[in-house]
Amino acid sequence: MGDPEKPMVEDYKVERTDEGLAAYGLKIWQPNPDGTGVGAYRSYDYFCYRPLIAAFTKEGVKSVLTATPVDEDTTLAWLFGMSDFRQEVTEEEALKWSELIIGQDALAVESQRPELLPLDLQEELHLACDRLAIAYRRWLKELELSYGVA
45 MGDPEKPMVE DYKVERTDEG LAAYGLKIWQ PNPDGTGVGA YRSYDYFCYR PLIAAFTKEG
105 VKSVLTATPV DEDTTLAWLF GMSDFRQEVT EEEALKWSEL IIGQDALAVE SQRPELLPLD
165 LQEELHLACD RLAIAYRRWL KELELSYGVA
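Counting from 1 along the sequence shown, just add 44 to a position and that's the residue number in this note's numbering.
Quick look at the structure:
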């Protein structure tokens with residue numbers, strides 16, 4: 045969904061909440077954000093309620109993602125989404141669009157290295173756009189999470 049020609053992420057806000065983490069106003073350029081073929085910036089809000097439960101919203105879309113570890117190398121991801129599609133979009137078209145996005149996300153996740161999430165922030169180079177990832181790793185460290193992390 046992203047575009048390597050427009051990699052910049054504008055500044056956004058991350059805060060700790062009673063439930064976990066929240067990030068507001070994460071703007072990302074997407075070459076085809078809604079299947080119309082017209083590129084646009086989309087603004088996302090992300091919420092991490094527990095280490096393996098997250099939600100995000102953008103214009104017309106609300107989604108919840110949960111992860112269920114099966115073993116050290118396998119995790120099942122469950123995505124529940126609600127979208128306000130235009131009237132002329134059929135259910136078949138909406139499902140095809142969702143499958144395309146999920147397929148792209150799966151490729152990105154499965155190619156990430158290292159596979160275990162490093163909690164030591166000095167092991168990787170971080171930029172301002174990594175603000176949410178940094179807060180998430182600090183939160184996991186505070187929770188003393190040991191599964192799936194390095």
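Built from N, CA and C at the ideal position, the CB exists for glycine as well.
From L160 to C173, what distance separates their C-alpha atoms?
-> 21 Å
Could you check what DSSP says for G147 in three-state terms: helix, strand or coil?
-> helix
Inspect the beta-carbon positions of A99 and A111 and report whether they are closer than 8 Å.
-> no
What separation, rounded to the nearest whole angstrom, lies between the Cα atoms of D128 and E135?
-> Going from the Cα of D128 to the Cα of E135 covers about 12 Å.
Environment of K57 [buried if 16+ CB atoms lie within 10 Å] | exposed
Buried or exposed by the 16-neighbour rule on C-beta atoms within 10 Å, applied to Y85 = exposed
Paired residues, beta bridge with P113 - DSSP | T119
Expressed to the nearest angstrom, what Euclidean distance is found between the alpha-carbon atoms of V108 and Q166?
-> Within the model, the alpha-carbon separation for V108 versus Q166 is close to 30 Å.
Report yes if the C-beta distance between W73 and D47 is below 8 Å; otherwise report no.
-> Yes; because the gap between Cβ atoms is below 8 Å, this pair is in contact.
Cβ shell of A66 (< 6 Å), same chain only, five flanking positions each side left out | E59, F91
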